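Numbering (the numbering used here), first residue to last: 9 to 168. We treat Cβ as the ideally placed atom computed from N, Cα and C, and that holds for glycine. If you're wondering where the values come from, they're calculated on a predicted model, not measured in any experiment. Worksheet: one structure, shown below.
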């Protein structure tokens, strides 16, 4: 990724609608239907009506559309080297992984495990699993093998 990504100070969020929905879903007022905005009628919403995975994907699409060349993720590669990903590159990678997952022919909602250290590819894999219509099951390399086995069995994972 030899091109220089745009690096700027924080900018206004171009996705305020998605963010507003997330904020309201996290407040107790939204859970009981009260409005968190003075002068507005109560919302017909609950914590169960906004799916966090859909919201994360909506934000990815928004950032891809509004700031495709802006820096999205940086992955340390060792010896001080960094691998940068723009929003367009992240969205492209996520779509490619999601297409591969969909090509497996699994039913929507199938569980797919991610066994990885914390890295840029973890986030992109998580988004790809959601984009493909599946459920991610996070596993960390620090887990004992017996624990990993129990999680894989209990969660009914289709792939890892």
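Quick check on residue i: buried or exposed, where buried means 16 or more other Cβ atoms within 10 Å of its Cβ?
| i | result |
| --- | --- |
| residue 154 | exposed |
| residue 106 | buried |
| residue 97 | buried |
| residue 72 | buried |
| residue 41 | The pLDDT assigned to residue 41 is 42, lower than 50, so where the model puts this residue is not dependable; a value taken from the coordinates is nonetheless given after this. Label assigned to residue 41: exposed. |
| residue 152 | exposed |
| residue 89 | exposed |
How would you write the range of the beta strand (DSSP E) that residue i sits in, first residue to last?
| i | result |
| --- | --- |
| residue 94 | 89-94 |
| residue 113 | From DSSP, residue 113 is part of no beta strand (DSSP E); its letter is neither H nor E. |
| residue 82 | 79-86 |
By how many angstroms is the C-alpha of residue j removed from the C-alpha of residue i?
| i | j | result |
| --- | --- | --- |
| residue 81 | residue 138 | 19 Å |
| residue 132 | residue 161 | 24 Å |
| residue 130 | residue 167 | 15 Å |
| residue 165 | residue 99 | 25 Å |
| residue 159 | residue 83 | 28 Å |
| residue 63 | residue 156 | 28 Å |
| residue 114 | residue 79 | 33 Å |
| residue 108 | residue 122 | 15 Å |
| residue 147 | residue 77 | 31 Å |
| residue 128 | residue 70 | 19 Å |
| residue 68 | residue 149 | 27 Å |
| residue 126 | residue 104 | 20 Å |
Thinking C-beta only, is residue j closer than 8 Å to residue i?
| i | j | result |
| --- | --- | --- |
| residue 135 | residue 65 | yes |
| residue 117 | residue 141 | yes |
| residue 4 | residue 111 | Because the chain spans 9 through 168 in this model, residue 4 falls outside it and cannot be assessed. |
| residue 102 | residue 119 | no |
| residue 145 | residue 163 | yes |
Please list the terminal residues of the continuous alpha helix (DSSP H) segment that includes residue i.
| i | result |
| --- | --- |
| residue 133 | 128-139 |
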